[in-house]
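Chains A and Y, in that order, give the protein sequences. Position in the first sequence (from 1) plus 208 gives the number in the working numbering. Position in the second sequence (from 1) plus 208 gives the number in the working numbering. Everything on this sheet refers to the single structure shown next.
Protein chains: 2
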Amino acid sequence: MTTDNRQMWAELGIDLKKHDMLMNALPPIYKEIYLSQRNRPQGMGFFDFVVGDIHGIRVRELRQHAKDGAKVVATYCVFVPDEIVLAAGAIPVGLCAGTNFSIQAAEQVLPHNTCDLIKSSFGFKLGRTCPYIQASHLIVGETTCDGKKKMFEILSEYQPVYVMEVPNKKNKVSRELWLSEVVAFKGVVEKLTGNKITEDKLAQAIKLVNGKRRALQRLYQTRKANPPPISGKDALLVTQVSFYDDVARDTQQINALCDELEKRISNREGVFPPNCPRILISGCPMAIPNWKLHHLLETSGAAVVCEESCIGTRSFSDLVGEDKRSMDDLLKAIADRYMEIHCACFTPNTERIEDILRLAKEYKVDGVVHYNLLYCHTYANEAVRVDKALEKEGIPLLRVETDYGDDSGQLRNRIDAFLEMIQG
Amino acid sequence: MTTDNRQMWAELGIDLKKHDMLMNALPPIYKEIYLSQRNRPQGMGFFDFVVGDIHGIRVRELRQHAKDGAKVVATYCVFVPDEIVLAAGAIPVGLCAGTNFSIQAAEQVLPHNTCDLIKSSFGFKLGRTCPYIQASHLIVGETTCDGKKKMFEILSEYQPVYVMEVPNKKNKVSRELWLSEVVAFKGVVEKLTGNKITEDKLAQAIKLVNGKRRALQRLYQTRKANPPPISGKDALLVTQVSFYDDVARDTQQINALCDELEKRISNREGVFPPNCPRILISGCPMAIPNWKLHHLLETSGAAVVCEESCIGTRSFSDLVGEDKRSMDDLLKAIADRYMEIHCACFTPNTERIEDILRLAKEYKVDGVVHYNLLYCHTYANEAVRVDKALEKEGIPLLRVETDYGDDSGQLRNRIDAFLEMIQG
Chain A
209 MTTDNRQMWA ELGIDLKKHD MLMNALPPIY KEIYLSQRNR PQGMGFFDFV
259 VGDIHGIRVR ELRQHAKDGA KVVATYCVFV PDEIVLAAGA IPVGLCAGTN
309 FSIQAAEQVL PHNTCDLIKS SFGFKLGRTC PYIQASHLIV GETTCDGKKK
359 MFEILSEYQP VYVMEVPNKK NKVSRELWLS EVVAFKGVVE KLTGNKITED
409 KLAQAIKLVN GKRRALQRLY QTRKANPPPI SGKDALLVTQ VSFYDDVARD
459 TQQINALCDE LEKRISNREG VFPPNCPRIL ISGCPMAIPN WKLHHLLETS
509 GAAVVCEESC IGTRSFSDLV GEDKRSMDDL LKAIADRYME IHCACFTPNT
559 ERIEDILRLA KEYKVDGVVH YNLLYCHTYA NEAVRVDKAL EKEGIPLLRV
609 ETDYGDDSGQ LRNRIDAFLE MIQG
Chain Y
209 MTTDNRQMWA ELGIDLKKHD MLMNALPPIY KEIYLSQRNR PQGMGFFDFV
259 VGDIHGIRVR ELRQHAKDGA KVVATYCVFV PDEIVLAAGA IPVGLCAGTN
309 FSIQAAEQVL PHNTCDLIKS SFGFKLGRTC PYIQASHLIV GETTCDGKKK
359 MFEILSEYQP VYVMEVPNKK NKVSRELWLS EVVAFKGVVE KLTGNKITED
409 KLAQAIKLVN GKRRALQRLY QTRKANPPPI SGKDALLVTQ VSFYDDVARD
459 TQQINALCDE LEKRISNREG VFPPNCPRIL ISGCPMAIPN WKLHHLLETS
509 GAAVVCEESC IGTRSFSDLV GEDKRSMDDL LKAIADRYME IHCACFTPNT
559 ERIEDILRLA KEYKVDGVVH YNLLYCHTYA NEAVRVDKAL EKEGIPLLRV
609 ETDYGDDSGQ LRNRIDAFLE MIQG
């Protein structure tokens, strides 16, 4: 925590006293959960560094960009098209939050039985403890769940918010609505930045973001190996950081890590014993520093090999078509790609269930853990159908509903029982 | 409970043993809550009769219609256009449920932290205790909240379900999406019934349903009088019954009741002492037999004079334009009218807050009670903005979050304190 950082935070209106508490709390947690792992890939050094100065160096970059005239656009969902933000010379920053540190502040305003992800995110604004929100010029929300949809209305009283409508169904008219939302968003970003988005710039941004997605696909590909060359915790962290780091640098770092992991695979080198139980986690997103479930699983003898999640496969599985030239075609390609995200906001969302079954096979998992944030209705209801589908396929399932509180003891008991069961 | 009824229920696949429990439980509750009221309008006799044979006479009618070739369409929300159902010779039946009797069955499948309205509705199907669902040929759902949107997916495993997409925003494209949903719904109903919806039939159905809405408007108009000529409980019951009774008969009965109420007003005759505290209830719908809040308020010295609710003003405040002739114009008029429902599913939904302020003035209320079903995210979040708006106008507000359980003791304490406060 340098003096420079503190001055920057003060300039951003951060509540320094509260913020110090957060900054002091994180290092020991990180040490316990991350640095305690054995045989970590060297490529994780970059990500350790990023977390080590989590509210420093990247915020400083954003501030520098802003001084140079660029705008910062805060987002909370994989439906907001980064390509459009980047094509206008602005910087997208994913801000979903994963700590109960900021929840008390949020509960002064939001209903108690809102999911912790929403409360944590909102609380960072209310408590002025997140320099990323403070440094952003526009918050872009969406309508993927009731809690967020309505929270954004309240948030708009504190900072400029624009909301994109994600439809509920996936038919022709719903797709047209979404396309029109993508087109409208281009206008919003152009107005915010004062920059016109050209075909060339948009095509370039599409390639840039696809590059990051390809790197994450490559990372997840390595996790199919037995033994996996990287822990689930580390892979989750890489995915989490990809939401707010500089896209080009992040892509480079993920690819460098993958070079190392692929070498490990050639040498049959892994971070867990061969044939340890392999787990697919499916469900709600896990934002930094929400590492609880992975940590419990991986300190109970399992390896998390895939996340079917917004902070996981849903964020990178589909690419935007790169062969388009006209603005209409480019925007259509973007709209089409985002409609392929199999979010539980859609009805029906059978594609997600198919994804889970497919991923379970591809990653050769021994069991699935369905992760539900308490009070998240869409995933909780969808779990009923997931349960049925997995049962039919004979794939063991553990349904976990939790929040950001410490229920580790109880969870570990359930996880141990589950792992025992799947190991027969 | 006649032998005829039991035979009909058996034919409908009703779980007779469980159903008997329900049928035996209702009369004493109704007696305590309704029949104990003093100086009730004679016109309530019809509605007492309807509730007295709640699963009998109307179900028999539906069965007779079905034998004559008509279809029964079950709905759970004011967004499903009854006009289209009626124009195809089918019968719409609103089926939202308001009892914890059916919740235990629902919780075997649905997430526990789903609102009781959804659980109660779903539980009636799962437990086979609602002859209306059993007698219906199609269930029509909608996407107004996460809980219902996803519950309908599960419900579709038990009975045919069709879901209409209600958009999240109210801009031009969202309105186009909704219009296309209304058009598609016409096709669905035509296919179900085998009847073509003609312009004439649709225009006729529009007038029919508008007639009911006008009658309910007239009923609510009488409640503006001081003293009110009808209790809030009775007015709520009339609105509840309007969701499943025959439209023409119901309209006639409401109007007959209004004749009587208007005479009472001329005679300055009321059911409460003049100048007792007048309350507007705003928020989530109250389905039969959810009378808890009204009962508590009206046995604590207050008069409920209006419900800003789906089972309240939102169901009848707007009429469909009656001057249209072509099918396109008729469908557009229907779509336009339904988009005027100020449901918390929309973002933003500032119009609802304006409604509350307007109704508070029109009905000369002394306070507003915001009624929130536990786990209903949209209304719970909107309550934050309602709170702010009412505070600005100096209108006292009590925010109640509850379910179908018995928390009457605690609620009565809060209501008493609130009524004391507003009476200075």
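Each residue gets a CB set at the ideal place from its N, CA and C atoms; glycine is no exception.
- Think of a sphere of 8 Å around the beta carbon of R593 of chain Y: the chain A residues whose beta carbon falls inside it are E361, I362, in chain order.
- Per DSSP, the beta-bridge partners of I299 of chain A are A:V280.
- Secondary structure note for H227 of chain Y: it is in no beta strand (DSSP E), and the uninterrupted alpha helix (DSSP H) holding it is 224-238.
- Between E590 of chain A and the set Y:D212, Y:G355, Y:G306, the nearest pair of CA atoms involves Y:G355.
- With the criterion set as a beta carbon lying under 7 Å from some beta carbon of chain A, the members of the stretch 583-616 of chain Y are Y583, H585, T586, A588, N589, E590, V592, R593, in sequence order.
- Per DSSP, the continuous alpha helix (DSSP H) segment holding T430 of chain A begins and ends at 407-430.
- 8 Å or more divides the Cβ of T406 of chain Y from the Cβ of K279 of chain Y.
- Neighbours of C353 of chain Y in chain A, taken as residues at a C-beta separation under 9 Å, are given in chain order as D354, H585.
- For M252 of chain A, the enclosing alpha helix (DSSP H) starts and ends at 252-260.
- One thing to note: D290 of chain A has its Cβ no nearer than 8 Å to the Cβ of Y612 of chain A.
- The residues V280, A282, in chain order, have a CB closer than 6 Å to that of S344 of chain Y in the same chain once the five nearest residues on each side in sequence are set aside.
- In the displayed model, L318 of chain A falls within coil according to three-state DSSP, outside both helix and strand.
- Between C484 of chain Y and A464 of chain Y a beta carbon distance of about 26 Å is seen, past the 8 Å cut, so the two are scored as non-contacting.
- For V288 of chain A, not one C-beta of chain Y is nearer than 8 Å to its own C-beta.
- Taken in chain order, the unbroken stretches of alpha helix (DSSP H) that lie wholly in the stretch 517-589 of chain Y and span 4 residues or more are 535-546, 558-570.
- When rounded, the separation of the alpha-carbon atoms in I542 of chain A and M494 of chain A is 25 Å.
- For S490 of chain A, no alpha helix (DSSP H) encloses it; the enclosing beta strand (DSSP E) starts and ends at 486-491.
- When DSSP states are grouped into helix, strand and coil, G355 of chain Y belongs to the helix group.
- Under DSSP, the beta-bridge partners assigned to C514 of chain A are A:L488.
- Membership of Y340 of chain Y in the alpha helix (DSSP H) is indicated by the continuous run 339-342.
- For a Cβ distance threshold of 9 Å, nothing in chain A lies close to T406 of chain Y: the least Cβ distance comes to about 25 Å.
- Within the stretch 318-332 of chain Y, those residues whose Cβ lies closer than 8 Å to any Cβ of chain A are, in chain order, L318, P319, N321, T322.
- Inter-residue distance for Y579 of chain Y and L346 of chain A is about 33 Å (C-alpha atoms, whole angstroms).
- The Cβ of E516 of chain Y sits no closer than 8 Å to any Cβ of chain A.
- In the three-state scheme derived from DSSP, where H, G and I count as helix and E and B as strand, V594 of chain Y is classed as helix.
- Sequence-distant partners of E315 of chain A (beyond 5 residues in either direction) whose C-beta falls short of 7 Å from its own C-beta, in its chain, are K327.
- In this structure, G632 of chain A sits away from P604 of chain A, with a CB-CB distance that is not shorter than 8 Å.
- Of the other Cβ atoms in all chains shown, 16 or more fall within 10 Å of the Cβ of P375 of chain Y; this residue is therefore buried.
- In this structure, DSSP gives M494 of chain Y a state outside helix and strand, which the three-state scheme calls coil.
- For S490 of chain Y, no CB of chain A lies under 8 Å from its own CB, so it is not counted at the interface with that chain.
- Closest by C-alpha distance to L445 of chain A, out of A:D228, A:L385, A:Q215, A:G260, is A:G260.
- Minimum Cα-Cα distance from S439 of chain A among the listed residues A:L270, A:G335, A:V513, A:R607 corresponds to A:V513.
- When 9 Å is used as the limit between beta carbons, P482 of chain Y is near no residue of chain A, the shortest such separation being about 38 Å.
- Restricting attention to Y:R472, Y:G520, Y:W386, the CA atom closest to the CA of L488 of chain Y is found in Y:G520.
- By the neighbour-count definition (other C-beta atoms within 10 Å, threshold 16), K471 of chain Y is an exposed residue.
- Look at the beta carbons and you see the stretch 522-537 of chain A touching the stretch 408-415 of chain A: at least three pairs across the two are nearer than 8 Å.
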